[in-house]
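These protein sequence lines map, in sequence, to chains C and V. First residue of the first sequence? That's 54 in my numbering, and the numbers climb one at a time after it. First residue of the second sequence? That's 135 in my numbering, and the numbers climb one at a time after it. Worksheet for the structure shown next.
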Amino acid sequence: EDKVVQSPLSLVVHEGDTVTLNCSYEVTNFRSLLWYKQEKKAPTFLFMLTSSGIEKKSGRLSSILDKKELFSILNITATQTGDSAVYLCAAERYNNNDMRFGAGTRLTVKP
Amino acid sequence: GAVVSQHPSWVICKSGTSVKIECRSLDFQATTMFWYRQFPKQSLMLMATSNEGSKATYEQGVEKDKFLINHASLTLSTLTVTSAHPEDSSFYICSARGGAGNQPQHFGDGTRLSIL
Numbered sequence: 054e055d056k057v058v059q060s061p062l063s064l065v066v067h068e069g070d071t072v073t074l075n076c077s078y079e080v081t082n083f084r085s086l087l088w089y090k091q092e093k094k095a096p097t098f099l100f101m102l103t104s105s106g107i108e109k110k111s112g113r114l115s116s117i118l119d120k121k122e123l124f125s126i127l128n129i130t131a132t133q134t135g136d137s138a139v140y141l142c143a144a145e146r147y148n149n150n151d152m153r154f155g156a157g158t159r160l161t162v163k164p
Numbered sequence: 135g136a137v138v139s140q141h142p143s144w145v146i147c148k149s150g151t152s153v154k155i156e157c158r159s160l161d162f163q164a165t166t167m168f169w170y171r172q173f174p175k176q177s178l179m180l181m182a183t184s185n186e187g188s189k190a191t192y193e194q195g196v197e198k199d200k201f202l203i204n205h206a207s208l209t210l211s212t213l214t215v216t217s218a219h220p221e222d223s224s225f226y227i228c229s230a231r232g233g234a235g236n237q238p239q240h241f242g243d244g245t246r247l248s249i250l
């Protein structure tokens with residue numbers, strides 16, 4: 054059975070802290086690993102990772118995929134209150150190109 | 135780019151009513167669209183995959199006669215919740231994926247459905 058597991062489920066930090074969010078997956082016909090940020094409404098796209106060991110960066114956010122260990126991390130440096138959200142990772146499969154989502158990590162950044 | 139519009143954003147209706155939700159890709163052609171359901175404080179559960187011009191593929195446990203999906207064009211998919219009951223109340227989100235290359239799914243803003 055396909056599964057995507059995120060940890061921790063929730064995290065409370067203070068502004069300026071660095072956080073690391075984890076995502077492990079076991080998915081048949083794996084194609085890519087995606088990270089999304091969900092605030093009040095629908096998820097917004099952050100990263101799509103297809104190759105192992107290649108870090109993707111966007112400002113204070115970065116992510117990397119390990120296809121051997123079936124694992125990805127999302128790093129956020131110098132956190133701000135605006136980073137407070139649920140971060141979802143999803144494993145996309147070939148064939149249908151559908152995604153299996155993890156339960157999400159709820160990040161709260163306190164001022 | 136890659137904007138997905140979902141309408142309506144919020145629906146309240148009586149039990150037994152059928153409700154149609156539209157999902158449009160505004161600036162790209164979406165060969166595949168996806169419909170998800172999300173319960174409070176839970177993750178997104180894939181309901182079905184919708185391919186333009188063909189029948190939708192439903193996930194196990196999702197009633198295809200209850201949740202009718204139509205993907206009549208490359209920019210529009212609709213989800214109709216037929217004879218809705220209170221247990222169908224949820225947040226429904228669509229996503230769309232362009233056909234070219236390795237493109238991520240982009241999400242609409244979701245529809246909050248409340249059945250009284």
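Backbone N, C-alpha and C fix where the C-beta goes; we use that ideal spot for every residue, glycine too.
* What separation, rounded to the nearest whole angstrom, lies between the Cα atoms of residue 236 (chain V) and residue 200 (chain V)? -> As a first step, residue 236 (chain V) must be located in the second sequence, where it is residue number 102. As a first step, residue 200 (chain V) must be located in the second sequence, where it is residue number 66. Whole-angstrom Cα-Cα distance: 32 Å.
* Asked: Using a C-beta cutoff of 8 Å, does residue 155 (chain C) count as contacting chain V?
  -> Your numbering for residue 155 (chain C) matches position 102 in the first sequence. Chain V, which has a Cβ nearer than 8 Å to the Cβ of residue 155 (chain C), makes this yes.
* Asked: Rounded to whole angstroms, how far is the Cβ of residue 223 (chain V) from the Cβ of residue 184 (chain V), which I believe are closer than 8 Å?
  -> As a first step, residue 223 (chain V) must be located in the second sequence, where it is residue number 89. As a first step, residue 184 (chain V) must be located in the second sequence, where it is residue number 50. About 22 Å; that fails the 8 Å criterion.
* To do: State the CB to CB distance for the pair residue 139 (chain C) and residue 158 (chain C), rounded to an integer number of angstroms; the pair is presumed to be in contact (CB under 8 Å).
  => In the first sequence, counting from the first residue as 1, residue 139 (chain C) sits at position 86. In the first sequence, counting from the first residue as 1, residue 158 (chain C) sits at position 105. Yes, residue 139 (chain C) and residue 158 (chain C) are in contact; Cβ-Cβ is about 7 Å, under 8 Å.
* Asked: Which residues of chain C have a Cβ atom closer than 9 Å to the Cβ of residue 244 (chain V), listed in chain order?
  -> Here residue 244 (chain V) refers to the residue found at position 110 of the second sequence. Near residue 244 (chain V) (Cβ distances below 9 Å), the residues of chain C are 94, 95.
* Between residue 163 (chain C) and the rest of its own chain, which residues show a CB-CB distance below 6 Å, the 5 nearest in sequence each way excluded? -> Stepping through the first sequence from its first residue, residue 163 (chain C) is reached at position 110. Contacts found: 67.
* Near residue 141 (chain V), what residues of its chain come up, given a Cβ to Cβ distance below 6 Å and the 5 sequence neighbours on each side ignored? -> As a first step, residue 141 (chain V) must be located in the second sequence, where it is residue number 7. Cβ neighbours of residue 141 (chain V) beyond the five flanking positions: 156.
* Inside the segment 72 to 128 of chain C only - beta strand (DSSP E) runs reaching at least 3 residues -> 72 to 79, 83 to 91, 97 to 102, 109 to 111, 114 to 119
* Nearest candidate by alpha-carbon position, reference residue 122 (chain C), set C:94, C:78, C:93, C:156 -> Translated into positions along the first sequence, residue 122 (chain C) becomes position 69. Checking every option, the nearest Cα to that of residue 122 (chain C) belongs to C:78.
* Asked: What is the DSSP secondary structure of residue 196 (chain C), reduced to helix, strand or coil?
  -> Here chain C has residues from 54 to 164 only, and residue 196 (chain C) is not among them.
* Asked: Which bits of chain C does residue 236 (chain V) rub up against, with CB to CB less than 9 Å?
  -> Position 102 of the second sequence holds residue 236 (chain V). In chain order: 84, 85, 101, 103.
* Can you tell which of C:98, C:61, C:65, C:83 has the C-alpha that lies nearest to the C-alpha of residue 133 (chain C)? -> As a working note, residue 133 (chain C) is residue 80 in the first sequence. The residue with the shortest Cα to Cα distance from residue 133 (chain C) is C:65.
* Between residue 136 (chain C) and chain V, is there a C-beta pair that is closer than 8 Å? -> Locating residue 136 (chain C) in the first sequence gives position 83, where the first residue counts as 1. It does not: the Cβ of residue 136 (chain C) has no partner Cβ on chain V nearer than 8 Å.
* Enumerate, from N- to C-terminal direction, the unbroken beta strand (DSSP E) stretches of 3 or more residues contained entirely within the segment 146 to 189 of chain V. => 153 to 159, 164 to 172, 178 to 185
* Between the C-alpha atoms of residue 108 (chain C) and residue 115 (chain C), what's the straight-line distance to the nearest angstrom? -> To locate residue 108 (chain C), count along the first sequence from 1; it is residue 55. To locate residue 115 (chain C), count along the first sequence from 1; it is residue 62. Distance between the alpha carbons of residue 108 (chain C) and residue 115 (chain C) is about 7 Å.
* Buried or exposed (CB count within 10 angstroms, at least 16 for buried), residue 82 (chain C) -> Walking along the first sequence from the start, residue 82 (chain C) turns up at place 29. Result: exposed.
* Asked: On the three-state DSSP scale, how would you describe residue 193 (chain V)?
  -> Taking the first residue of the second sequence as 1, we reach residue 193 (chain V) at position 59. Reduced to three states, the DSSP call for residue 193 (chain V) is coil.
* Taking residue 181 (chain V) as the reference, give the member of V:208, V:159, V:227, V:138 with the closest Cα. => Numbered from 1 along the second sequence, position 47 holds the residue referred to as residue 181 (chain V). Comparing Cα-Cα distances from residue 181 (chain V) to each of V:208, V:159, V:227, V:138, the minimum goes to V:227.
* To do: Would you decide whether residue 96 (chain C) is buried or exposed? Buried here means 16 or more other CB atoms lie within 10 Å of its CB.
  => Here the question's residue 96 (chain C) lines up with position 43 in the first sequence. It is buried - the Cβ of residue 96 (chain C) has at least 16 other Cβ atoms within 10 Å.
* **Alpha-carbon spacing of residue 215 (chain V) relative to residue 59 (chain C), whole angstroms** => Against the second sequence, residue 215 (chain V) aligns to sequence position 81. Against the first sequence, residue 59 (chain C) aligns to sequence position 6. Looking at the two C-alpha atoms, the distance is approximately 31 Å.
* **Exposure of residue 239 (chain V), with buried meaning 16 or more beta-carbon neighbours within 10 Å** => Translated into positions along the second sequence, residue 239 (chain V) becomes position 105. It counts as buried.
* Asked: Between residue 75 (chain C) and residue 129 (chain C), is the Cβ-Cβ spacing less than 8 Å?
  -> Indexing the first sequence from 1 puts residue 75 (chain C) at position 22. Indexing the first sequence from 1 puts residue 129 (chain C) at position 76. Not in contact: residue 75 (chain C) and residue 129 (chain C) (Cβ atoms no closer than 8 Å).
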